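2 protein chains.
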Amino acid sequence: MTGVLYGVGVGPGAPDLITLRAARLIEGASVVAYPTLAGAESFARGIAADLIAPDAEEIVMAVPMSVERAPAQVAYDAGAARIAEALDAGRDVVCLCEGDPFFYGSFMYLFARLSDRYRVEVVPGVSSVTACAARAGMPLAARNERLTVLPGPLPEGELRARIDGAESVAIMKVGRHLPKIRAVIDALGLTERAVYVERASLPEEVVLPLAKAPQTAPYFSMILLTKGADPWL
Amino acid sequence: MTGVLYGVGVGPGAPDLITLRAARLIEGASVVAYPTLAGAESFARGIAADLIAPDAEEIVMAVPMSVERAPAQVAYDAGAARIAEALDAGRDVVCLCEGDPFFYGSFMYLFARLSDRYRVEVVPGVSSVTACAARAGMPLAARNERLTVLPGPLPEGELRARIDGAESVAIMKVGRHLPKIRAVIDALGLTERAVYVERASLPEEVVLPLAKAPQTAPYFSMILLTKGADPWL
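Line by line, the protein sequences give chains A and B.
Okay, so the first sequence: first residue is 16 according to our numbering, each after it adds one.
Okay, so the second sequence: first residue is 16 according to our numbering, each after it adds one.
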């Protein structure tokens with residue numbers, strides 16, 4: 016009997032935005048796995064810390080921050096091998112993912128490596144997009160409106176074309192791309208409709224009109240933009 | 016001291032996909048509010064049913080199913096007035112929303128009516144988009160991929176143009192628009208990359224390749240489509 020691999024979304028940051036199902040799985044886990052980026056503390060582990068049993072085995076995947084894909088692939092290959100070992104020994108493994116596992120989540124890399132050989136259950140989580148919208152007091156989409164999610168690292172021309180053709184927009188992974196994104200939104204005359212959100216739902220959260228955003232942004236920051244519906248809907 | 020209005024996402028359907036924060040708020044609520052559509056049972060109330068205190072007051076907003084906006088506006092006006100009465104009396108009100116309150120959620124209509132006068136807290140929930148992706152085993156977006164969310168009622172030409180220009184696509188509110196959406200995806204040669212999901216996370220859930228989807232779809236159904244990344248990411 017091999018174990019089950021659970022890909023568990025732990026939500027945007029506040030520990031109480033974890034779902035009941037995820038909390039139950041994490042509390043009961045004898046093996047938890049998670050990535051750490053560039054040697055930093057694991058964000059996903061931090062969110063779930065109070066739920067992890069003290070004697071749980073922890074499989075840590077140290078993923079280098081790099082625009083090259085190969086180094087990350089090596090880290091996920093190694094992590095997948097360790098997880099497979101636990102599954103082969105009949106132990107379930109709970110893999111922690113910030114936000115949602117299938118929405119820009121690192122779990123996709125493990126899913127691609129293990130789902131053909133093992134039973135995998137994905138537990139969806141609250142994504143940072145709706146968490147940011149909640150904190151910004153900014154409804155994202157109603158009725159027949161469209162929502163476009165764009166990663167900040169996209170080239171300037173593509174960002175501009177995509178934002179121009181969209182209704183509501185969420186721009187993820189802003190980080191060092193903030194100046195470029197600001198310039199695009201400014202050029203489109205949409206700055207007054209844009210909000211900057213950093214570390215939504217955490218104590219150090221920042222929510223500001225884009226015009227007042229700081230000069231440097233962390234990786235976990237987002238810009239939301241809506242072209243505006245009737246406020247009475 | 017007026018009360019606080021909480022707009023609480025209860026997730027896609029399974030009661031244990033409610034967040035810890037939402038569960039705590041619902042359990043402690045002396046007033047809960049929710050919409051019912053076209054006289055049917057309230058989906059949001061059904062998801063949270065086991066958490067609602069037996070003596071809680073329930074404010075029910077009966078929203079007619081109609082392409083006209085005016086009848087729904089009348090229902091939300093009336094609901095907002097009743098909620099305002101409770102808030103004025105110093106009572107907190109917990110408004111239940113399926114999925115996430117600001118993502119095609121009915122709570123937006125109450126937020127538009129009440130947020131200028133009362134303290135409103137929005138508690139984000141797991142959206143049906145990531146719940147469907149989890150059940151379909153279909154990662155939505157990785158790295159620099161874009162995700163486009165489209166409502167099924169959009170006109171055929173617009174759907175076609177938007178799907179053609181997108182990478183990953185989630186089409187919401189499929190319902191009676193299924194034949195039109197299928198025709199568009201077929202014409203674009205993308206049927207083999209599309210999955211149909213109905214009532215994700217509920218016991219009556221259906222997950223099928225689009226080619227095998229039923230002829231008629233309920234309102235809470237979705238089509239997911241990804242144009243495919245390297246499976247090893």
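From the three backbone atoms N, C-alpha and C, an ideal C-beta is built for every residue, glycine too.
Please read these numbers as outputs of a predicted model, since none were measured by experiment.
Check, Outcome
"Closer than 6 Å by C-beta to valine 164 of chain B: which residues in its own chain qualify, once you throw out the five before and the five after it? Chain order, please.", "Ala185"
"Can you give me the C-alpha to C-alpha distance between arginine 97 of chain B and glycine 18 of chain B, rounded to a whole angstrom?", "13 Å"
"Would you kindly report the start and end of the unbroken beta strand (DSSP E) that includes isoleucine 33 of chain B?", "No beta strand (DSSP E) holds isoleucine 33 of chain B; DSSP gives it neither H nor E."
"Where does tryptophan 247 of chain A sit, in a helix, a strand or coil, going by DSSP?", "Residue confidence is low: tryptophan 247 of chain A scores 47 on pLDDT, short of 50, so the model does not pin down where it sits. No coordinate-derived value is stated."
"Can you tell me the Cα-Cα spacing of glycine 140 of chain A and valine 23 of chain A, whole angstroms?", "7 Å"
"If contact means a Cβ-Cβ distance below 8 Å, which residues of the region 30-49 of chain B contact chain A?", "Pro30, Asp31, Leu32, Ile33, Thr34, Leu35, Arg36, Ala38, Arg39"
"Starting from the C-beta of phenylalanine 117 of chain B, find all residues in its chain whose C-beta is less than 7 Å away, skip the five residues before and the five after it, and write them out in chain order.", "Met123, Val137"
"Short of 7 Å in beta carbon distance, which residues of its chain neighbour alanine 71 of chain B, apart from the five on each side in sequence? Order them along the chain.", "Ala44, Ser45, Val46, Val47"
"Quick one: what does DSSP say arginine 106 of chain A is sitting in, helix, strand or coil?", "coil"
"Using alpha carbons as the reference points, say which of A:Asp31, A:Arg158, A:Gly190 lies closest to methionine 80 of chain B.", "A:Arg158"
"Kindly indicate the opening and closing residues of the beta strand (DSSP E) around leucine 162 of chain B.", "162-166"
"Among B:Pro168, B:Leu32, B:Ala90, which residue has its Cα nearest to the Cα of glycine 54 of chain B?", "B:Ala90"
"Alpha carbon to alpha carbon, what distance is there between isoleucine 196 of chain A and leucine 205 of chain A?", "11 Å"
"Phenylalanine 235 of chain A by DSSP, collapsed to three states: which one?", "coil"
"Less than 8 Å between the beta carbons of alanine 148 of chain A and leucine 155 of chain A, yes or no?", "yes"
"DSSP state of phenylalanine 117 of chain A, grouped into three classes?", "coil"
"Under 8 Å between C-beta atoms, does phenylalanine 235 of chain B make it to chain A?", "no"
"Give the DSSP-derived three-state secondary structure of leucine 52 of chain A in the structure shown.", "strand"
"Apart from the five residues on each side of it in sequence, which residues of its chain come closer than 6 Å, Cβ to Cβ, to glutamate 73 of chain B?", "Val47"
"Can you check whether the C-beta of phenylalanine 126 of chain A is within less than 8 Å of a C-beta belonging to chain B?", "yes"
"Specify, as a first and last residue, the run of the alpha helix (DSSP H) that isoleucine 200 of chain B falls within.", "193-202"
"Going straight from the alpha carbon of glutamine 230 of chain B to that of leucine 193 of chain B, what length do you get?", "8 Å"
"In chain B, which residues lie less than 7 Å from tyrosine 119 of chain A when you measure between Cβ atoms?", "Ala156, Ala157"
"To the nearest angstrom, how far is it from the Cα of proline 218 of chain B to the Cα of leucine 35 of chain A?", "17 Å"
"Below 7 Å CB to CB, which residues in the same chain sit around alanine 37 of chain B once its five sequence neighbours on both sides are set aside?", "Val23, Gly24, Val25, Val138, Gly140"
"Return the CA-CA distance between serine 216 of chain A and alanine 202 of chain B, expressed in angstroms with no decimal places.", "43 Å"
"Starting from alanine 146 of chain B, follow the alpha helix (DSSP H) in both directions and report where the run begins and ends.", "143-151"
"Quick one: list the residues of chain B neighbouring glycine 28 of chain A, beta-carbon separation under 8 Å, in chain order.", "Residues of chain B passing the Cβ test: none, with the nearest at roughly 11 Å."
"Provide the residue span of the beta strand (DSSP E) that contains isoleucine 186 of chain A, from first to last.", "183-187"
"Name the DSSP bridge partner or partners of valine 212 of chain B?", "B:Val222, B:Met237"
"Taking aspartate 251 of chain A as the reference, give the member of B:Ser143, B:Leu125, B:Val108 with the closest Cα.", "Outside the shown range of chain A, which is 16 to 248, sits residue 251 of chain A, and nothing can be said about it."
"Using only the alpha-carbon positions, how far apart do proline 69 of chain B and arginine 106 of chain B sit?", "17 Å"
"Just verifying my parser: in three-state terms, what is the DSSP assignment at tyrosine 21 of chain B?", "strand"
"Where do the ends of the beta strand (DSSP E) carrying methionine 80 of chain B lie?", "Looking at the DSSP string, methionine 80 of chain B is not in any beta strand (DSSP E), and its letter there is neither H nor E."
"Please check the pair valine 212 of chain B and valine 199 of chain B, which I expect to be a contact at CB under 8 Å, by giving their CB distance rounded to whole angstroms.", "In fact, because the Cβ distance is near 18 Å, the residues do not count as touching under 8 Å."
"Look at the Cβ atom of threonine 51 of chain A, then the Cβ atom of valine 78 of chain A, and state whether they are nearer than 8 Å.", "yes"
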